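As C-alpha cells, the structure follows; a few thoughts come after it.
Numbering (this note's numbering), first residue to last: 6 to 438.
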C-alpha cells in the first residue's frame with residue numbers, strides 16, 4: 006500500500022529518507038524552514054546535501070511527481086497521514102542535547118492537526134535519548150493538538166542506521182528496521198511503509214528503540230578506538246597491525262560475533278585479567294598511551310563495587326551466594342570476581358554461605374589449588390552442600406550462577422541477580438505449588 010508521507014527536516018537524514026520513501030512509491034512532501042533547501046528540491050530537482058546518487062534520485066522523484074518540498078507545516082500535514090521527524094538534535098560541549106528543534110516541530114505539527122480529527126502518526130527518526138519522545142515530543146504534540154487528539158494521534162520511534170557515503174544502500178539494505186511504539190496498528194503501518202526493504206522488522210518499546218541507536222553508535226566508536234589502540238601498541242612493539250587485525254577478524258565465533266555482548270557480571274579467570282595487564286605493561290614500557298585499554302580493568306572492578314554497594318544497601322548481613330567460580334560450568338576460582346565480591350563483603354562484616362557444585366575445595370589441584378591456599382584459604386569454611394542449607398542462612402541471595410534450582414527461595418528473601426547486568430534486584434522466585 007502506498008502512503009502519503011511528510012518528512013520534517015531536510016538535512017542529511019531527512020533528504021535521504023524523503024527520497025528513498027518516494028523511490029519506494031510513496032507520495033512524499035519534505036518540510037524545512039530553509040527556503041534554499043526547498044528551492045533546490047522543487048526548482049533545481051537536486052539535493053541540498055552531498056551524497057552519492059542522492060541528487061539523481063531526488064531529480065527522478067520530483068520529475069515523477071512523488072517528491073516535493075515546502076516551508077509550510079500546515080501544507081505538509083494537510084497532504085500526509087504520517088510524519089517523519091528528522092530534525093537535528095545537536096549537543097553542547099558537555100553532551101547535553103538541544104531539543105528545541107524537536108519540540109518546536111512537534112508543537113507545530115500538533116497545531117496543524119487541530120480540528121482535523123483523523124488518524125495520524127508521528128514518527129521520531131531523530132537521534133534522541135531514552136525518555137525524550139515521552140517527555141518532549143509527546144508533550145509538545147499534544148500541547149499543540151490538544152489532549153483530545155490522544156484518541157487518534159499515534160507516536161512512534163524509527164531510528165536510522167545510515168552512513169554518509171553509503172546512505173542509499175544502507176536505507177534499502179539495513180540489518181533490520183527498528184520500530185518503537187505502543188500500539189500494534191502503528192507498528193503494522195510502519196511495517197507496510199517499509200515493505201520494500203528486505204530486512205526484518207524489529208518491534209519494541211519506545212525507550213528501547215531510542216537507546217539502541219546510541220548503543221550502536223557508541224559501539225562503532227569503541228571499535229574504531231580499539232582498532233586504533235591496537236595499531237598503536239603494535240607499532241610500539243614492532244608488529245604488523247594490519248596483519249594482526251586481519252587475522253583477528255577471521256574469528257567470527259568469538260571476536261566478530263554475538264559472544265560477550267550480553268549484560269552480566271564482571272569477567273575473571275586465569276586469562277583475561279593477566280593478558281590485559283601484560284599487554285598494558287608492554288605498551289607502557291614502549292611509551293605507548295592506551296587510554297581505552299587502560300580503562301578496561303577499572304571498568305570491570307566498578308561492576309564488582311556496584312554489586313557490593315547493592316548488597317550493603319539492603320542492610321542485611323546474612324548473605325547466600327550461588328556461584329563462586331569465575332563463570333558457570335568450571336571450578337576455576339582464579340581472578341574470579343565472585344571471590345573478590347565475597348572477600349569484600351566479609352571485610353564489611355557480612356556472614357556468608359556459598360554454593361557452587363563445580364567447586365570442591367578438597368579436590369582442586371595445581372594452580373587453582375595454589376590460588377586458594379595463598380589467596381583465600383578460609384573459603385572452604387563458607388561452602389554449603391545444598392540449596393536448602395544456603396537458603397536457611399540467607400536474608401539476601403546473590404545469584405551469579407543460575408544453574409541451581411532457585412524455586413526454593415522464600416518470598417521474604419532479597420534476590421540480587423548478577424546474571425543480567427545492572428546488578429538487578431528482583432522479587433524472589435515463588436515456589437511452585
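Where a beta carbon is used, it is the ideal one built from N, C-alpha and C, also for glycine. Please read these numbers as outputs of a predicted model, since none were measured by experiment.
Counting the other Cβ atoms within 10 Å of the Cβ of residue 423 gives 16 or more, which makes it buried.
Note that the C-beta distance between residue 204 and residue 176 is not below 8 Å.
When only Cα atoms are considered, residue 308 and residue 271 end up about 6 Å apart. Annotated as distal: residue 36 and residue 22, with beta-carbon spacing of 8 Å or more.
Judged by DSSP in its simplified three-state form, residue 34 adopts strand. Distance from the CA of residue 345 to the CA of residue 283, rounded to the nearest whole angstrom, comes to 21 Å. The straight-line gap separating the alpha-carbon atoms of residue 53 and residue 264 is approximately 42 Å. The alpha-carbon separation between residue 74 and residue 115 amounts to approximately 20 Å. Linking residue 85 to residue 127 through their CA atoms gives a straight-line distance of about 11 Å.
Under the 10 Å beta carbon count, residue 174 is surrounded by fewer than 16 other beta carbons and is classified as exposed.
Relative to the Cα of residue 331, the nearest Cα in the group 277, 340, 404 and 398 belongs to 340.
In this structure, residue 50 keeps its C-beta atom at 8 Å or more from the C-beta atom of residue 31. Nearest Cα to residue 389 within the set 338, 421, 348 and 326: 326. Boundaries of the alpha helix (DSSP H) harbouring residue 374: 371–380, taken from the DSSP string.
Under the three-state reduction of DSSP, residue 390 is assigned to coil, being neither helix nor strand. In the DSSP annotation of this structure, the continuous segment of the beta strand (DSSP E) that includes residue 183 starts and ends at 182–186. Rounded to the nearest angstrom, the gap between the Cα atoms of residue 343 and residue 274 is 11 Å. Where residue 358 is concerned, the enclosing beta strand (DSSP E) starts and stops at 356–360. A direct Cα-Cα distance of roughly 33 Å separates residue 413 from residue 209.
Around the beta carbon of residue 156, fewer than 16 other beta carbons lie within 10 angstroms, which makes this residue exposed.
Here residue 382 is exposed: its Cβ has fewer than 16 other Cβ atoms, across all protein chains shown, within 10 Å.
Taking 8 Å as the cut-off, the Cβ atoms of residue 319 and residue 238 do not count as close. Put simply, the backbone Cα of residue 196 is about 15 Å away from that of residue 160. Shown here for residue 236: same chain residues with a beta carbon closer than 7 Å to its own, the five before and five after excluded, namely 246 in chain order.
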